[in-house]
Amino acid sequence: MNPLIAPSLLSADFSCLREDIRRVEEGGADLLHLDVMDGCFVPNITFGPPLIRSIRPHTRLLLEAHLMINDPAKFLEAFVAAGADRIIIHAEAVPQALAVLAKIRELGAQAGVSIKPKTPLASVEPYLPVVQTLLIMTVEPGFGGQAFLPETLPKIEAARALIDRHGYQLDIAVDGGINLETAPRVIAAGANVLIAGNAVFGQPDPAAVIRQLKNAKPA
Ligand code: DX5
Ligand code: ZN
Numbered sequence: 052m053n054p055l056i057a058p059s060l061l062s063a064d065f066s067c068l069r070e071d072i073r074r075v076e077e078g079g080a081d082l083l084h085l086d087v088m089d090g091c092f093v094p095n096i097t098f099g100p101p102l103i104r105s106i107r108p109h110t111r112l113l114l115e116a117h118l119m120i121n122d123p124a125k126f127l128e129a130f131v132a133a134g135a136d137r138i139i140i141h142a143e144a145v146p147q148a149l150a151v152l153a154k155i156r157e158l159g160a161q162a163g164v165s166i167k168p169k170t171p172l173a174s175v176e177p178y179l180p181v182v183q184t185l186l187i188m189t190v191e192p193g194f195g196g197q198a199f200l201p202e203t204l205p206k207i208e209a210a211r212a213l214i215d216r217h218g219y220q221l222d223i224a225v226d227g228g229i230n231l232e233t234a235p236r237v238i239a240a241g242a243n244v245l246i247a248g249n250a251v252f253g254q255p256d257p258a259a260v261i262r263q264l265k266n267a268k269p270a
């Protein structure tokens with residue numbers, strides 16, 4: 052099975068988002084990854100519901116909001132109303148996330164949970180039966196264009212083993228430093244969704260990179 056490719060809009064040119072989105076959509080992207088940062092949970096600020104509302108009419112791609120914010124429960128309605136199809140919260144931001152994940156699904160969106168590189172898999176185990184995506188950060192969240200952290204590979208392997216053992220139906224997404232060199236390693240470890248910002252939008256031909264990432268073989 053080829054991995055799904057989720058370009059991260061963080062590395063797009065914000066002065067021509069519609070054009071950048073069109074290029075990755077036509078280039079074969081499977082979904083669009085939207086990094087929401089609040090300057091508290093991570094040391095950076097990006098965008099919120101208004102931007103999602105603006106791009107929603109211009110793409111058919113599934114829009115996935117990766118909420119790197121404290122207290123995401125406060126903003127779920129706003130993100131769903133803006134057009135997010137999937138909401139991923141951080142386990143570190145919500146100690147007891149089951150209720151928040153249930154609320155996301157009640158609002159009609161898909162739910163996901165993410166963990167930072169140093170957060171153990173055990174902290175999200177209780178959520179795996181109820182989420183659509185487990186997002187394993189492969190850099191410290193906050194900025195695009197960072198180097199992949201190879202110490203996250205065993206966690207991806209452990210997640211794949213656990214999910215397969217239980218027969219849970221969810222994606223394992225990886226986020227941070229994913230490019231043509233690291234893709235084969237995360238695929239071999241068990242990831243099936245590749246989120247990539249710099250590797251896609253930092254290139255003159257994003258479609259070519261998407262194609263190559265999709266065809267990356269485990270190594
Ligand atoms: C980082 C974000 C990532 C980021 C990935 O905090 O969650 O989605 O955009 O960017 P690259 O692919 O450039 O590492
Ligand atoms: Zn992200």
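First residue of the sequence shown: 52, per the working numbering; consecutive thereafter.
Think of the CB as a built atom: it goes at the ideal place given N, C-alpha and C, for glycine as much as any other residue.
Problem set entry | Test item: CB-CB of Ala57 and Val237 under 8 Å | No, Cβ-Cβ distance for Ala57 and Val237 is not below 8 Å.
Problem set entry | Spatial neighbours of Leu55 in its chain, beta-carbon cut-off 6 Å, leaving aside the 5 residues before and after | For Leu55, where only same-chain residues beyond five positions count, the Cβ hits under 6 Å are Asp81 and Val244.
For this session: Taking the CB atoms as reference points, tell me whether Ala267 and Ala234 lie closer together than 8 Å.
Result: Less than 8 Å separates the beta-carbon of Ala267 from that of Ala234.
Exercise. Can at least three beta-carbon pairs, one atom from the segment 134-143 and one from the segment 107-120, be found at a separation below 8 Å?
Worked result: Short answer: they touch.
Problem set entry | Val190 and Leu158 closer than 8 Å at C-beta | Val190 places its beta carbon 8 Å or farther from that of Leu158.
Problem set entry | Contact belief for Leu186 with Ala210 at Cβ below 8 Å, rounded distance in angstroms | Rounded, the Cβ-Cβ distance is 10 Å, inconsistent with contact.
For this session: Kindly examine the ligand DX5 and report whether one of its heavy atoms sits closer than 7 Å to the Cβ of Phe98.
Result: Flag unset: Cβ of Phe98 not near the ligand DX5.
Problem set entry | Within 8 Å, strictly: CB atoms of Leu114 and Ile103 | A Cβ-Cβ contact shorter than 8 Å links Leu114 with Ile103.
Exercise. Exposed or buried, what is Lys169 when buried is set at 16 or more other beta-carbons lying within 10 Å of its beta-carbon?
Worked result: Lys169 should be labelled exposed.
Problem set entry | CA nearest to the CA of Glu70, picked from Ile261, Pro269 and Phe252 | Measuring from the Cα of Glu70, the nearest candidate turns out to be Phe252.
Exercise. Val145 to Ala212, Cα distance in whole Å?
Worked result: Taking the straight line joining both Cα atoms gives about 25 Å.
Exercise. Near Glu76, which residues of its chain fall below 6 Å by C-beta distance, leaving aside the five closest residues on each side in sequence?
Worked result: The answer, listed in chain order, is Thr110 and Leu112.
For this session: Give the range of the beta strand (DSSP E) segment to which Arg116 is assigned.
Result: Going by the sequence as given, residue 116 is Ala instead of Arg. DSSP places Ala116 in the uninterrupted beta strand (DSSP E) bounded by Leu113 to Met119.
Exercise. How far does the beta strand (DSSP E) with Gln147 in it reach, from first residue to last?
Worked result: Here Gln147 belongs to no beta strand (DSSP E), and DSSP marks it neither H nor E.
For this session: Using the Cα positions of Asn249 and Ser62, report the straight-line distance between them to the nearest angstrom.
Result: Rounded to whole angstroms, the gap between the alpha carbons of Asn249 and Ser62 is 6 Å.
For this session: Take Leu231 and list the residues in its own chain whose beta-carbon comes closer than 6 Å to its own, dropping the five residues that flank it on each side.
Result: Cβ within range, chain order: Gln263.
Problem set entry | Neighbourhood of the ligand ZN [Cβ distance below 6 Å to any heavy atom], ordered by chain position | Qualifying residues come out as Ser59, His84, Asp86, His117, Asp226 and Ile246.
For this session: Look at Asp226 and Thr184 and say whether their C-beta atoms are less than 8 Å apart.
Result: In this structure, Asp226 lies away from Thr184, with their beta-carbon atoms at least 8 Å apart.
Problem set entry | Beta carbon of Gly193 nearer than 8 Å to that of Pro94 | Closer than 8 Å, so yes.
Exercise. Between which two residues does the beta strand (DSSP E) harbouring Leu55 extend?
Worked result: Start and end: Leu55 to Pro58.
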